[in-house]
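A quick write-up on the structure given underneath.
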Amino acid sequence: MKIEIFIVVMSLIIVPALTLAAAESNRTPVQLQKRIDSIFVMASSGELKYRDQVDPAIESLAKLGAKAVPSLIDKFTTKSARERLTIIKILKKIGSPALPDLIDALSRPEWLVVKRVCWTLGDISDSAAVLPLTSVASHDNWQVREYSIRALGMIGDLRAVAAVISSFNDSVGQVRKAAVVSAGQLNSAETISYLVQMLGDSYYGARLSAVEALITKDTSRLLAQLKEALNSASGLKAKLAMKVLGKIGNDEAMDILSEQLNSGNRQKVVDAAIAIMSADPQDICGYHESIFEKVKDRLALLKIESARASAGDGTYSAN
Numbered sequence: 005m006k007i008e009i010f011i012v013v014m015s016l017i018i019v020p021a022l023t024l025a026a027a028e029s030n031r032t033p034v035q036l037q038k039r040i041d042s043i044f045v046m047a048s049s050g051e052l053k054y055r056d057q058v059d060p061a062i063e064s065l066a067k068l069g070a071k072a073v074p075s076l077i078d079k080f081t082t083k084s085a086r087e088r089l090t091i092i093k094i095l096k097k098i099g100s101p102a103l104p105d106l107i108d109a110l111s112r113p114e115w116l117v118v119k120r121v122c123w124t125l126g127d128i129s130d131s132a133a134v135l136p137l138t139s140v141a142s143h144d145n146w147q148v149r150e151y152s153i154r155a156l157g158m159i160g161d162l163r164a165v166a167a168v169i170s171s172f173n174d175s176v177g178q179v180r181k182a183a184v185v186s187a188g189q190l191n192s193a194e195t196i197s198y199l200v201q202m203l204g205d206s207y208y209g210a211r212l213s214a215v216e217a218l219i220t221k222d223t224s225r226l227l228a229q230l231k232e233a234l235n236s237a238s239g240l241k242a243k244l245a246m247k248v249l250g251k252i253g254n255d256e257a258m259d260i261l262s263e264q265l266n267s268g269n270r271q272k273v274v275d276a277a278i279a280i281m282s283a284d285p286q287d288i289c290g291y292h293e294s295i296f297e298k299v300k301d302r303l304a305l306l307k308i309e310s311a312r313a314s315a316g317d318g319t320y321s322a323n
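The opening position of the sequence shown corresponds to residue 5 in my numbering, with each subsequent residue numbered one higher.
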């Protein structure tokens, strides 16, 4: 009896599924396009009446797989943020089967479509997209360059290193920032020296991102690069190099900061003091007395005390 019931239940599940699959395979291209368009209206709708149908509609389009991809790419010309994000969400669910059409779309003339395809390839994160993405990393449109480099970092394949390093020299700050972030995501020691140079970049987003990217790198190699850079660095670059040292906070980093504390350069002394305070607000290493002997300027002392206080509650920050 139980076997008979099981057979009946399975037939109720399998037969409709096979019927639906057959119906999908028999659709003409025009019929398929109309179906995709009608489901997409629900999938991307913000209307209350479609609220309960959004997720099922997204799943329905994702289940169409590669057949739905060309139509979804065509919709990337939309001005609607909701539609754009819905398309990317569906394509990400389709995953690797979407790659052939997405890669082909990188050669389309509409830069907006190419940018959004790069975004999608980054979200899918399939290494098969690495070389195609590097081919548009020097695109005429800076947003395409930004999103292609960003995607390469998200994929994390070391074949992207050369394209990322090249983008450190881009004329647009946002592209340089994307290169810095991607360099932080790539497990490559080759990027360390370039990231140290980016601490002095003219665009604040690039140089601040370089701080965060550097602390993900091999510490011994990084410390050697920072120590060498501080021999000639000044201004923001020196300040941020010392901030990185403060974030590392190990014995070797503190020794390098101590050298700067004794450099005789007023600004470097103050920056080193702030970095030491951020790394060691409780004076475990015993540098505080030396700091207050060397720094007498009231404004500088206020900054140093502020760094110690904020480091104590975890809010220290500098640009």
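Beta carbons: idealized from backbone N, C-alpha and C, even for Gly.
Given the structure is predicted, the values throughout are model-derived calculations rather than measurements.
Residue environment, residue i, which counts as buried when at least 16 other CB atoms sit within 10 Å
| i | result |
| --- | --- |
| residue 288 | exposed |
| residue 157 | buried |
| residue 63 | exposed |
| residue 141 | buried |
| residue 16 | Note that residue 16 has pLDDT 41, beneath the 50 cutoff, so the model's placement of it is unreliable and the number below is only indicative. Answer is exposed; the Cβ neighbour count stays below 16. |
| residue 310 | exposed |
| residue 206 | exposed |
| residue 81 | exposed |
| residue 271 | exposed |
| residue 217 | buried |
For residue i, three-class secondary structure by DSSP
| i | result |
| --- | --- |
| residue 37 | helix |
| residue 324 | The displayed coordinates of the chain run from 5 to 323. Any statement about residue 324 would go beyond what the structure contains. |
| residue 1 | Because the chain is modelled from 5 through 323, residue 1 falls outside the range shown and cannot be assessed. |
| residue 160 | coil |
| residue 167 | helix |
| residue 32 | coil |
| residue 89 | helix |
| residue 63 | helix |
| residue 56 | helix |
| residue 200 | helix |
| residue 82 | coil |
| residue 313 | helix |
| residue 50 | coil |
| residue 141 | coil |
The ligand PLP heavy atom lying under 7 angstroms from the CB of residue i
| i | result |
| --- | --- |
| residue 238 | No copy of the ligand PLP occurs in the structure displayed, which carries no ligand at all. |
Contacting residues, own chain, Cβ-Cβ under 7 angstroms from residue i (five flanking each side not counted)
| i | result |
| --- | --- |
| residue 276 | 246, 261, 264, 265 |
| residue 46 | 54, 57, 58, 61 |
| residue 240 | 204, 211 |
| residue 150 | 178, 179, 182 |
The alpha helix (DSSP H) enclosing residue i, as first and last residue numbers
| i | result |
| --- | --- |
| residue 264 | 255 to 265 |
| residue 209 | 208 to 218 |
| residue 296 | 292 to 298 |
| residue 288 | Where residue 288 is concerned, there is no enclosing alpha helix (DSSP H), given that its DSSP letter is neither H nor E. |
| residue 232 | 223 to 233 |
| residue 250 | 239 to 252 |
| residue 74 | 73 to 78 |
| residue 181 | 177 to 189 |
Nonlocal neighbours in the same chain, by C-beta distance under 6 angstroms from residue i, ignoring five residues either side
| i | result |
| --- | --- |
| residue 55 | none |
| residue 138 | 167 |
| residue 256 | 227 |
| residue 250 | 279, 282, 283 |
| residue 195 | 187 |
Contact belief for residue i with residue j at Cβ below 8 angstroms, rounded distance in angstroms
| i | j | result |
| --- | --- | --- |
| residue 42 | residue 86 | Actually they do not touch by this definition, with Cβ atoms about 17 angstroms apart. |
| residue 130 | residue 103 | 6 angstroms |
| residue 184 | residue 152 | Contact flag wrong, Cβ pair sits at about 15 angstroms. |
| residue 101 | residue 70 | 5 angstroms |
| residue 96 | residue 127 | 5 angstroms |
| residue 134 | residue 164 | 6 angstroms |
Own chain, CB closer than 8 angstroms to residue i, minus 5 neighbours either side, in chain order
| i | result |
| --- | --- |
| residue 176 | 146, 149, 150 |
| residue 295 | 265, 277, 280, 281, 308 |
| residue 94 | 47, 62, 65, 66, 72, 76 |
| residue 144 | 115 |
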